[in-house]
Amino acid sequence: MMNVDPETLRLERAAEQPPPRLCILALWDDEHVTFPLPEKGSVTVGRTGGAEIQVGDQAVSRQHVRLHLGELLHVEDLSSANGTRVRGRKLKMGETVEVNPGDVIEIGRTMLVIQRMPVSARPFRIDTHDYFEARVDDECGRCERGEVTFAVIRVHDAAAPPLLVQQRLASAVLPGDVWADYGPSEHELLLVDSAPPMAAQRAAALLASFQQLSPSATVGLACCPRDGRTSAELLERANASLGSAGGSRDEVAPVAAPDGPMDGLRRIVERIAGSTISVLICGETGVGKGVLARELHRRSPRAGGPFVALNCAELSESLLEAELFGYERGAFTGASSAKPGLIETADGGTLLLDEVGEMSLTTQAKLLRVLEEREVRRIGSVHSHRVDLRVVACTNRDLEAESERGAFRRDLYFRLAGVSLVVPPLRERTREIEALALAFIEQTRPAGDRSGAAVLSPEALAALRRYSWPGNVRELRNAIERAVLLSPDGVIRLEHLPAERQRARLLQPAVAARGAGAEPRPSNEPGDSNDRQAVLDALAACGGNQSRAANRLGISRRTLVTRLESFGLPRPRKSRA
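In terms of numbering that gives the first Met the number 0, the sequence shown is residues 0 to 576.
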């Protein structure tokens, strides 16, 4: 039998497939929707019911352009009021020109992008994050009444082409799922009526599918009620597991304004990098604790060794122990071969334990023994292996308070907290927002793109500085990625920023930052969230609503709950009024 090159065979089979159909991606303001196109005929785009494709942009005429489909694709301007631009050139009234997949058609404030989609792909709609969050809130209400269980999946793949990402998701989305976009390289799925085991299987299948496109792809999962009972809790958990999977997603050098809080942390990192002392990094979700840990590794003599990261919150106790300590063949069902743990893998380098506060007391005791004896024993083994590594732990919990109430081993806390670093929230680092935003804009630009990066308009930059950023640097990055996608001329304006920030917070003063140059706190705002009376005042002002009280204090809901426990206060019920 003649040998056939696998790559040649793949290309021949691809050539036998029917030509792909086309779809059109419409982006306006904070909305973006995908519409499948017929193989032949014509389709009208406008903002009224008389158009087959309707967009909500008031700058678009009632019937603005018509697409003519056949062997070639043409776009015709229908004597629109604000004109039509194709590949940057403005068409004359009534002019018809040929367009190809990948071309951009600009009508009003709307961008129409012609894209290819597989023939077998069923029509799909990509919703906005606003709609997605509202649906999650609805499902949380049903879950609270005991009617359903559901899951939220976050997918991030910055390396793969956006069209391939959409095609992979389109084949994975089932009837009843809600699919939304949070940025040019991040998508979210709501799996309605999905139990945790089935949701975990789908998340694993998505991860395997996307890692065929690029190894840096990450998938995060959160299930209700297992991982939370509110949309904020579920999205936070999904984000946390998403950011830990690859470790590269938050890779941006720490930006430090002169004499600012991050500048002080940078100097501390420089001083302690050469030692072997354990480091505990504390701070709210999304502030960049993992970035600081990698900076510590890069500046240390261990920079040539491995940097191994593990999120302790995303694995069960048994799986976490297997990942940390490794196991021998036959140690448990399914252990068909021996596997070294991450502690062994990090020998000669740095081990990052993210969300270490989620670790069970049993696993904490085993980790403490490793740190004290510098030896690790695999599950099912009677022999120990010497290890030489530095441990960096990250948490958004108050571990000292947790140890006082018995939820975290006090001896392990002291072992981990050789040096404790607290990363301040972004609202206290307003002078760094512009530099961070510009760094994220540069990261969003495709590799090899020689055109200039997008720029921030003065009003958009002022709005970014006014916003309180409860999601911190991670939220800023996602907002910038979306804004770059939605800005047709490369200038990020206020209307390109997420709508919920414009409506709810961008035009309100942020929680006062304590850094230099910060505006004074309004007199009607509560004080320091570490103050017992300030927490009571915030809860009273919000009628016992913990999410609103946390937002008023400028902290996350989880941090507020930790504060209540440390003050010995019961969690209040919401006021019916």
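Where a beta carbon is used, it is the ideal one built from N, C-alpha and C, also for glycine. In this text the structure is predicted, and so the values were computed from the model without any measurement.
Query	Result
Leaving aside the five residues before and after Glu458 along the sequence, list all residues of the same chain whose C-beta is less than 8 Å from its C-beta, in chain order.	Arg492 and Leu493
Check whether the Cβ atoms of Trp27 and Arg108 sit closer than 9 Å, and answer yes or no.	yes
Check whether the Cβ atoms of Leu425 and Leu475 lie closer than 9 Å to each other.	yes
Tell me whether Glu541 sits in a helix, a strand or coil according to DSSP, three-state version.	The question names Glu, yet the displayed sequence has Cys at residue 541. Reduced to three states, the DSSP call for Cys541 is coil.
Give me, in chain order, the residues of the same chain whose beta-carbon lies closer than 7 Å to that of Glu343; leave out the 5 immediate sequence neighbours on both sides.	Gly325, Val375, His384 and Val386
When the Cα atoms are used, what is the spatial distance from Asp102 to Val64?	15 Å
DSSP three-state label for Gly55, please.	coil
Just the Cα atoms here: how many angstroms apart are Leu463 and Ile113?	32 Å
Around the C-beta of Phe331, are 16 or more other C-beta atoms found within 10 angstroms, so that it is buried, or is it exposed?	exposed
For Val421, write down the residues that DSSP places opposite it in a beta bridge.	Cys281
Here's the rule I'm using: 16 or more other beta-carbon atoms within 10 Å means buried, otherwise exposed. How should Leu455 be labelled?	buried
Rounded to the nearest angstrom, what separates Gly379 and Pro339 at their Cα positions?	12 Å
By the 10 Å Cβ neighbour count, where 16 or more other Cβ atoms means buried, how is Ser170 classified, buried or exposed?	exposed
Does DSSP put Asp28 in a helix, a strand or coil?	coil
To the nearest angstrom, how far is it from the Cα of Asp56 to the Cα of Ala334?	57 Å
Between Val151 and Leu279, is the Cβ-Cβ spacing less than 9 Å?	no
Where are the alpha helix (DSSP H) runs, 4 residues long or more, that stay fully inside the stretch 296-325, in chain order?	316-324
Does the beta-carbon distance from Asn395 to Glu431 come in below 9 Å?	no
Tell me where the beta strand (DSSP E) around Phe331 begins and ends.	From DSSP, Phe331 is part of no beta strand (DSSP E); its letter is neither H nor E.
Any chance the CB of Ala436 is under 8 Å from a heavy atom of the ligand PLP?	The ligand PLP is not part of the structure shown, which contains no ligands of any sort.
For Phe34, which beta-bridge partners are listed by DSSP?	Ile23
Arg248 by DSSP, collapsed to three states: which one?	The predicted model places Arg248 with a pLDDT of 43, which falls under 50 and marks its position as unreliable, so this point remains unresolved.
Considering only the alpha carbon of each residue, which of Ala207, Gln532 and Glu51 lies closest to Leu36?	Glu51
Mind checking who Pro339 pairs with in its DSSP beta bridge?	Gly325
Does the Cβ of Arg502 have 16 or more other Cβ atoms within 10 Å, making it buried, or fewer, making it exposed?	Confidence in Arg502 is poor, its pLDDT being 42 and thus under 50, which makes the residue's placement unreliable; the coordinate value appears in the next sentence. That one is exposed.
Residues in the same chain with beta-carbon distance under 7 Å from Pro260, minus the five sequence neighbours each way, listed in chain order, please.	Pro423, Glu427, Arg428 and Gly514
Which stretch, first to last residue, makes up the alpha helix (DSSP H) that contains Ser565?	Arg556 to Phe566
With a threshold of 16 other CB atoms inside 10 Å of the CB of Glu480, please say whether the residue is buried or exposed.	buried
Rounded to whole angstroms, what's the CA-CA distance from Gly273 to Ile267? Just pull it up for me.	11 Å
Are three or more beta carbon pairs between the stretch 227-238 and the stretch 137-154 nearer than 8 Å?	yes
Among Ala133, Cys393 and Arg368, which residue has its Cα nearest to the Cα of Ala312?	Cys393
Tell me the rounded alpha-carbon separation between Arg580 and Leu264.	A query on residue 580 cannot be resolved here, the shown segment of the chain reaching from 0 to 576 and no further.
In three-state terms, what does DSSP make of Tyr466?	coil
Taking Cβ to Cβ, would you say Gly287 is nearer than 9 Å to Asn471?	yes
From Glu132 to Leu220, what distance separates their C-alpha atoms?	15 Å
Roughly how many angstroms separate the alpha carbons of Ala207 and Lys365, rounded to a whole number?	31 Å
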